[in-house]
Amino acid sequence: MKRLFLYLSIASFSTSIVFSQPNAPLNWYVKSPKKDGIYGTAAEEAYALLTGRKSVPVIVGVIDSGVETDHPDLKDVIWVNKGEISGNGVDDDHNGYVDDVHGWSFLGGPTEDIGDESSELKRLVFIDKKYFNGKDTSKLGAADLERYANYKKIKAVYDKELLDNQMSYQNIKLISDYIANVKQQSGGSFSKEANKNYTPANEREEKIKKRLGLILMAYSPEQLDAELAGAKASMEGQMKMANVDADSLRTLMVGDDPMDLSNRYYGCNRYEGPDAMHGTHVSGIIGAVRGNGLGIDGIASNVQIMVLRAVPNGDERDKDVANAIRYAVDNGAKVINMSFGKYYVLHKAYVDEAIQYALDHDVLLIHAAGNESKNKDIETSFPTRKADNGKEFANWIEVGASSSSRSPKKIIAEFSNYGATTVDFFAPGVDIYSTVPDAKYEDASGTSMACPATAGVAALIRSYFPNLTAVEVKDLLMKTATPYKKKVVVPGTKKKAKLKELSITGGFLNAAEAVKWLMNNPR
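Numbering of the sequence shown is given in this note's numbering, commencing with residue 68 and proceeding in unit increments.
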């Protein structure tokens, strides 16, 4: 999300910031390169082509942080489990989940919801720490020697991450103190002008002044205050979890042993959780009610959002992700949105089995490529389309993020991950205006936004062309992606490359071209 990149830029004093095309419309992500000169999803053009055609409802499972189900622009598109009677405390449809009217949370128990979670790296480190505790490491067998070497390697990475988090937290505090000083000098207000007129007390304040000068070109002071508060809370949560036995805490709160993969039936039916910002924003992009005169129109018109809470502040558990996929499949979802990821994995095979289960039941999975400006051909994140045996799941789409900029230097989001063999195409992911909690709307940036833009288009296609399989929809979106001939800037670098070097298709998602192809090639 956009807030994430501001967190990172604030925390690290980095010099990069995400800018969109000046004066781009709020709904630029539904615009068309052909009709509007903007590489949006071309959803508006697609609907013009579909005038008079009938559609069928499509359920989209949103595996995320939670969703504000009563948001005025979402409440009418939230999935309702017709086999369940709300509030009677009975599993009416016998699917193993009690009162799962709008979906399910795998992060809650009878009275509490998990907000903060540990990182997967910490889990791996602590498993090995426990395993080697009391052992004479000078007398290990061959298998244990290899495991011990890996343990020392990941422990070093984990220790560095802890130190980086502490430094980032201190940077946040320094910025907050700086803003307080500006307010004191300017009579109580902080603004672009107040920052410009402030006389720094030292070299460190001079650096902060320059950094905030850049940030205030893209963000309001109110947004900055909110982001600072959010960054502080997020980092505090992660530092807290570094000193907590997360497995025991989860067992206490949820009533589930995270290492017991045989148990699928745990959790609760509280859909929002402690922070539904991310999931609510994602859901609005997919399917906020169209034509109701409120904030935005989602991409898919005949859609139902199934809420699956499995993504905390921290790394999601493989068990929760796999069980959320299976729940979505078993309860009728045809598309699943997955705007999350991590770089270490504990139970990959269990997730792979769930992906195969989705493939076997004709369900399309859309996954965000990630926001670290990394080449995914070199550095793998999880979950992934590739199984341990080398097989690639044909029902998987991996999406990078693009912007509304007309400049080849800026059209690919600077933060987006990429990969000539691992990322399928790019879709709108910068300054995407959508629903957020408390019946509000905000813009956000990330491959987390490009993912639901793609899920919305996939749902649109499956709604108007229901005879297509998940694999056929994936193949369709690949072959109709709009090619881009100019060289673009490789994210995180100053190098230029063809888009084909950054993605499989070398193109941008295009709903209108997909619809045209289907109309020209009727079945």
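Ideal placement from N, C-alpha and C gives every residue a C-beta, glycine not left out.
So does the segment 194-201 actually touch the segment 403-412, counting three or more Cβ pairs closer than 8 Å?
no
Which class does Glu446 belong to by DSSP, given the choice of helix, strand or coil?
Taking the first residue of the sequence shown as 1, we reach residue 446 at position 379. DSSP places Glu446 in coil when its eight states are reduced to three.
Which residue from Ala115, Ala480 and Met344 puts its Cα closest to that of Gly133?
Numbered from 1 along the sequence shown, position 66 holds the residue referred to as residue 133. Out of Ala115, Ala480 and Met344, Met344 has the C-alpha closest to the C-alpha of Gly133.
Three-state secondary structure assigned by DSSP to Ser469:
By 1-based counting over the sequence shown, the position of residue 469 is 402. Note: Ser469 maps to strand in three-state DSSP.
For the segment 365-380 against the segment 176-184, are there 3 or more C-beta pairs whose distance is under 8 Å?
yes
Can you tell me whether Ile126 is buried or exposed, with buried defined as 16 or more other CB within 10 angstroms of its CB?
Position 59 of the sequence shown, counting from 1, holds the residue named residue 126. Answer is buried; the Cβ neighbour count reaches 16.
Evaluate Ile152 with the Cβ neighbour count: other Cβ atoms within 10 Å of its Cβ, from every protein chain shown; 16 or more gives buried, anything less gives exposed.
Here residue 152 corresponds to residue number 85 of the sequence shown, with the count starting at 1. The residue in question, Ile152, is exposed, as its Cβ has fewer than 16 Cβ neighbours within 10 Å.
Residue range of the unbroken beta strand (DSSP E) whose run includes Thr502:
For this step, residue 502 is matched to residue 435 along the sequence shown. Its beta strand (DSSP E) spans residues Ile499 to Val503.
On the DSSP bridge assignment, give the partners of Gly175 in chain order.
Numbered from its first residue, the sequence shown carries residue 175 at position 108. Answer by DSSP bridge pairing, in chain order: Asp180.
Taking the C-alpha atoms as reference points, what is the distance between Ser301 and Pro341?
In the sequence shown, residue 301 corresponds to position 234, counting from 1. In the sequence shown, residue 341 corresponds to position 274, counting from 1. About 12 Å.
Counted within 10 angstroms of its Cβ, other Cβ atoms place His138 as buried (16 or more) or exposed
As a working note, residue 138 is residue 71 in the sequence shown. Result: buried.
Can you give, in chain order, each stretch of the beta strand (DSSP E) that sits fully within the segment 318-376 and has at least 3 residues?
370-376
Decide if Tyr485 is buried, meaning its Cβ has at least 16 other Cβ atoms within 10 Å, or exposed.
Sequence index remark: in the sequence shown, residue 485 carries index 418 (1-based). So Tyr485 counts as buried.
Please state whether the Cβ-Cβ distance between Ser570 and Val497 is less than 8 Å.
By 1-based counting over the sequence shown, the position of residue 570 is 503. By 1-based counting over the sequence shown, the position of residue 497 is 430. No. Outside cutoff.
Residues bridged to Glu459 [DSSP beta-bridge criterion]
Counting from one through the sequence shown, the residue named residue 459 turns up at place 392. Lys453.
Between which residues of its own chain and Met326 is the CB-CB distance below 6 Å, once the five residues before and five after are set aside?
The residue you call residue 326 lines up with position 259 of the sequence shown. The answer is none, since no qualifying residue turns up.
Looking at the secondary structure, which residues open and close the alpha helix (DSSP H) in which Glu273 lies?
Position 206 of the sequence shown, counting from 1, holds the residue named residue 273. Annotation for Glu273: the continuous alpha helix (DSSP H) segment containing it runs Glu270 to Ile282.
Segment contact flag, the segment 442-453 with the segment 412-425, C-beta cutoff 8 Å, min 3 pairs:
At 8 Å Cβ cutoff, the stretches touch.
Of the listed residues Met516, Val430 and Gly107, nearest to Val466 (C-alpha basis)
In the sequence shown, the residue the question calls residue 466 occupies position 399. Closest by alpha carbon: Met516.
Own chain partners of Tyr338 with C-beta closer than 7 Å, once the 5 adjacent residues on each side are dropped
Here residue 338 refers to the residue found at position 271 when the sequence shown is read from its first residue. Counting only residues of its own chain and dropping the five nearest sequence neighbours on each side, Tyr338 has a CB closer than 7 Å to the CB of Gly133, Val134, Thr136, His169, Gly170, Ser172, Val374 and Arg376.
Using the three-state DSSP reduction, which class does Phe575 fall into: helix, strand or coil?
Along the sequence shown, one-based indexing puts residue 575 at 508. Strand, per DSSP.
Any chance the CB of Glu213 is under 7 Å from a heavy atom of the ligand MG?
No copy of the ligand MG occurs in the structure displayed, which carries no ligand at all.
What does a CB cutoff of less than 6 Å around His434 pick up in its chain, not counting 5 residues either side in sequence?
One-based indexing of the sequence shown puts residue 434 at position 367. The residues are Met405 and Glu465.
Do you know offhand how far Leu191's Cα is from Asn90's?
Counted from its first residue, the sequence shown places residue 191 at position 124. Counted from its first residue, the sequence shown places residue 90 at position 23. In this structure, the straight-line span from the alpha carbon of Leu191 to that of Asn90 is close to 47 Å.
What distance in whole Å lies between the Cβ atoms of Ala522 and Phe493, which are believed to be in contact at a cut-off of 8 Å?
Numbered from 1 along the sequence shown, position 426 holds the residue referred to as residue 493. Numbered from 1 along the sequence shown, position 455 holds the residue referred to as residue 522. With a Cβ gap of about 15 Å, Phe493 and Ala522 do not count as contacting.
For Asn336 and Asp166, believed in contact at Cβ under 8 Å, the rounded distance:
Here the question's residue 166 lines up with position 99 in the sequence shown. Here the question's residue 336 lines up with position 269 in the sequence shown. Contact flag correct, Cβ pair sits at about 5 Å.
Cβ shell of Asp314 (< 6 Å), same chain only, five flanking positions each side left out
For this step, residue 314 is matched to residue 247 along the sequence shown. If we look at Asp314 and ignore the five residues flanking it on each side, its Cβ neighbours are Pro325.
Would Ile478 and Val129 qualify as a contact pair, given that the criterion is a beta-carbon distance under 8 Å?
Within the sequence shown, the letter at position 411 stands for residue 478. Within the sequence shown, the letter at position 62 stands for residue 129. No. Outside cutoff.
What is the DSSP secondary structure of Ser81, reduced to helix, strand or coil?
On the sequence shown, position 14 is the one that residue 81 refers to. With a pLDDT of only 43 at Ser81, under 50, the local geometry of the prediction cannot be trusted, and the value read off the model is given with reservation. Note: Ser81 maps to coil in three-state DSSP.
Residue burial classification, Ala355 (beta-carbon count within 10 angstroms, cutoff 16)
Here residue 355 corresponds to residue number 288 of the sequence shown, with the count starting at 1. It counts as buried.
Could you tell me the boundaries of the beta strand (DSSP E) in which Lys507 lies?
Counting from 1 along the sequence shown, the entry for residue 507 is found at position 440. From DSSP, the beta strand (DSSP E) with Lys507 extends over Lys507 to Ala511.
Span of the alpha helix (DSSP H), counted from its first residue to its last, around Ile479:
Here residue 479 is taken as the residue at index 412 of the sequence shown, counted from 1. Judged by DSSP secondary structure, Ile479 falls outside any alpha helix (DSSP H); it is assigned neither H nor E.
Alpha carbon to alpha carbon, how far is Val540 from Ala520?
Within the sequence shown, the letter at position 473 stands for residue 540. Within the sequence shown, the letter at position 453 stands for residue 520. Ala520 has its alpha-carbon roughly 15 Å from the corresponding atom of Val540.
Exposed or buried, which one is Thr347 when buried takes at least 16 other CB atoms within 10 Å?
Taking the first residue of the sequence shown as 1, we reach residue 347 at position 280. That one is buried.
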